[in-house]
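Structure first, then comments.
Protein chains: 2
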Amino acid sequence: MSVEKLGPLDTAVSVDSYECTIAVECCVFGFQENELKILLVKRSIEPFKNYWLLPGGAMMEGETLSQSVNRVLNDLTGIEKITHEQVACYSEVDRHPIKRVVSVSFYALVKPENYPVIPKSYISDVKWYGLDELPKLGFDHDRLLHDGLEKLRGNLREHLVFGELLSDRFTLTELQELYESILNETLDRRNFRKKILQMNILEPTDEKKTGVKGGPVLYKRK
Amino acid sequence: MSVEKLGPLDTAVSVDSYECTIAVECCVFGFQENELKILLVKRSIEPFKNYWLLPGGAMMEGETLSQSVNRVLNDLTGIEKITHEQVACYSEVDRHPIKRVVSVSFYALVKPENYPVIPKSYISDVKWYGLDELPKLGFDHDRLLHDGLEKLRGNLREHLVFGELLSDRFTLTELQELYESILNETLDRRNFRKKILQMNILEPTDEKKTGVKGGPVLYKRK
DNA sequence: ATCATTCTGTGTATAAATTACACAGAAAAA
DNA sequence: TTTTTCTGTGTAATTTATACACAGAATGAT
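As they're listed, the protein sequences go chains W and H. Mapping to my numbering: the first sequence position 189 is 189, numbers consecutive. Mapping to my numbering: the second sequence position 209 is 1209, numbers consecutive.
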């Protein structure tokens, strides 16, 4: 029986079906010093030794891709369960110079200060990079990052997405700065507040942020 | 060396890394009798014998996913190269009752009348279904179809997408009916024409469609 | 050939959404 | 206490989306 004649999902009954390594790669975005950052890891082995990469790793037996993402990021940051969203699947045969690997990419939103990052396994360094100081990444990760950022921006325009990018109490100015940082454009303060508030997903608390002029009130998610 | 310690894409140097069957599944949409149709195949073997499914099949060695889609659909319809777009990746461990299969889904837009469909391999029947007469699909293909349709609708609202759904000459009414069929809502004729024409991607030809009252002019893509 | 029918093709008025914009008040810093 | 800097708010102008009706062209019926 040739593989060519297989019907959908018929590989279950086939002996000569092709199997392939699947990896997850993750654009982990954080908001730090009023700037959108991306978590990169420095690879310590060939190929692409000393290149910076998106964190990722192979899917293991019995895992869903989502579980792989959680495992990989938990190893790296200690984050237990990290909300993430699928971006795309990459299958060019030569994207890994040695072995065939199909990767599924994700993005995730975290608060950097909550999670100290620790180099591990084949990683010699870990760093939060600003989007304007990015090094050339290894493999095809430049493209993965680009696509991940576009996906995040697209989602931002539709719903309100901020994962764990902010603390659970935040000012509207902080939220606006987050938006500006992701979209890479400046927004009008009054229009932004109007738009966000009429989404009806935030509510003001009776606290104010201290240490900042104007005494802005803190909001939380409903 | 345990798999757990693998860095990103490090499976190249690993011996015990897990490999998995990857399949593509395709929502093939066509526009027929003024209605959006989806191409389904009837499976003739267990599991899910006699269930209708999205056409699909396993990725083969040396193929990109895109090439797999083209091969699978070429087998089924004779279409040489079919434009398609990635929708999502599905990795639940039990989505195939017998073997682990990770599927990547796509949608494609074709003109049914151009391509007679022929049952083959593990397929006992092939049929274009209207969206309002869908059978319960096998595996998790109900979900895949739902997601594919949502993706198509989302794309339609942003750009003008019509792949090969229409002939190369078409009237604006035909295009509008296509839109209405995909979005499952009725549109105002004047507003639709205004919107489409100011996209500046169509141009009128000097031909008119015959056999239809009113003598509508034929347009083509710029 | 004429008439009735049905579809095409077009513009304007209204409503809704987006954008532009300025000043008074609160907290911090000097 | 004064100055500085940030917060918080409303309205007018613009743009975009929506609602809506009638004359002309081709077909089909007689």
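Just so you know, even glycine gets a beta-carbon here, dropped at the ideal spot from N, CA and C.
Of all Cβ atoms in chain W, is any one closer than 8 Å to the Cβ of residue i?
i, result
"residue 1006 of chain H", "Interpretation of residue 1006 of chain H is limited by its pLDDT of 43, a score under 50 that renders its predicted location unreliable; no figure is taken from the coordinates."
"residue 1148 of chain H", "no"
"residue 1089 of chain H", "yes"
"residue 1022 of chain H", "yes"
"residue 1059 of chain H", "yes"
"residue 1107 of chain H", "no"
"residue 1117 of chain H", "no"
"residue 1032 of chain H", "no"
"residue 1102 of chain H", "yes"
"residue 1218 of chain H", "no"
Considering only their Cβ atoms, is the gap separating residue j from residue i smaller than 8 Å?
i, j, result
"residue 1166 of chain H", "residue 1031 of chain H", "yes"
"residue 130 of chain W", "residue 42 of chain W", "no"
"residue 120 of chain W", "residue 76 of chain W", "yes"
"residue 219 of chain W", "residue 172 of chain W", "yes"
"residue 1110 of chain H", "residue 1089 of chain H", "no"
"residue 79 of chain W", "residue 122 of chain W", "no"
"residue 1048 of chain H", "residue 1139 of chain H", "yes"
"residue 1144 of chain H", "residue 1054 of chain H", "yes"
"residue 1183 of chain H", "residue 1126 of chain H", "no"
"residue 230 of chain W", "residue 211 of chain W", "Any question about residue 230 of chain W goes unanswered here, given that chain W covers just 1 to 222."
Indicate whether at least one CB of chain H lies closer than 8 Å to the CB of residue i.
i, result
"residue 163 of chain W", "no"
"residue 64 of chain W", "yes"
"residue 212 of chain W", "no"
"residue 126 of chain W", "no"
"residue 198 of chain W", "no"
"residue 93 of chain W", "yes"
"residue 18 of chain W", "yes"
"residue 176 of chain W", "no"
"residue 3 of chain W", "A caution first: residue 3 of chain W carries a pLDDT of 37, below 50, which makes its placement in the model too unreliable to give a value."
Just the Cα atoms here: how many angstroms apart are residue i and residue j?
i, j, result
"residue 1155 of chain H", "residue 208 of chain W", "42 Å"
"residue 216 of chain W", "residue 1021 of chain H", "54 Å"
"residue 1072 of chain H", "residue 136 of chain W", "36 Å"
"residue 25 of chain W", "residue 1213 of chain H", "56 Å"
"residue 195 of chain W", "residue 188 of chain W", "11 Å"
"residue 1201 of chain H", "residue 19 of chain W", "43 Å"
"residue 1159 of chain H", "residue 124 of chain W", "44 Å"
"residue 1186 of chain H", "residue 1107 of chain H", "23 Å"
"residue 1087 of chain H", "residue 206 of chain W", "44 Å"
"residue 1056 of chain H", "residue 133 of chain W", "42 Å"
"residue 192 of chain W", "residue 203 of chain W", "15 Å"
"residue 1147 of chain H", "residue 1085 of chain H", "12 Å"
"residue 1059 of chain H", "residue 1068 of chain H", "6 Å"
"residue 27 of chain W", "residue 1118 of chain H", "43 Å"
"residue 113 of chain W", "residue 1141 of chain H", "41 Å"
"residue 174 of chain W", "residue 181 of chain W", "10 Å"
"residue 1170 of chain H", "residue 1221 of chain H", "9 Å"
"residue 1128 of chain H", "residue 1157 of chain H", "25 Å"
"residue 949 of chain H", "residue 1051 of chain H", "Since the first residue of chain H shown is 1001 and the last is 1222, residue 949 of chain H is not available in this structure."
"residue 168 of chain W", "residue 81 of chain W", "17 Å"
"residue 1199 of chain H", "residue 199 of chain W", "30 Å"
"residue 1190 of chain H", "residue 1070 of chain H", "38 Å"
Which full runs of the beta strand (DSSP E) of 3+ residues lie inside the stretch 26-54 of chain W, going along the chain?
-> 35-43
With a cut-off of 8 Å, do at least 3 Cβ pairs link the stretch 62-72 of chain W to the stretch 1086-1105 of chain H?
-> yes
Any beta strand (DSSP E) of 3 or more consecutive residues that is wholly inside the stretch 1055-1142 of chain H | 1056-1058, 1084-1090, 1101-1110 and 1123-1130
Alpha helix (DSSP H) segments (min. 4 residues) lying fully within the stretch 1162-1207 of chain H = 1172-1183 and 1189-1197
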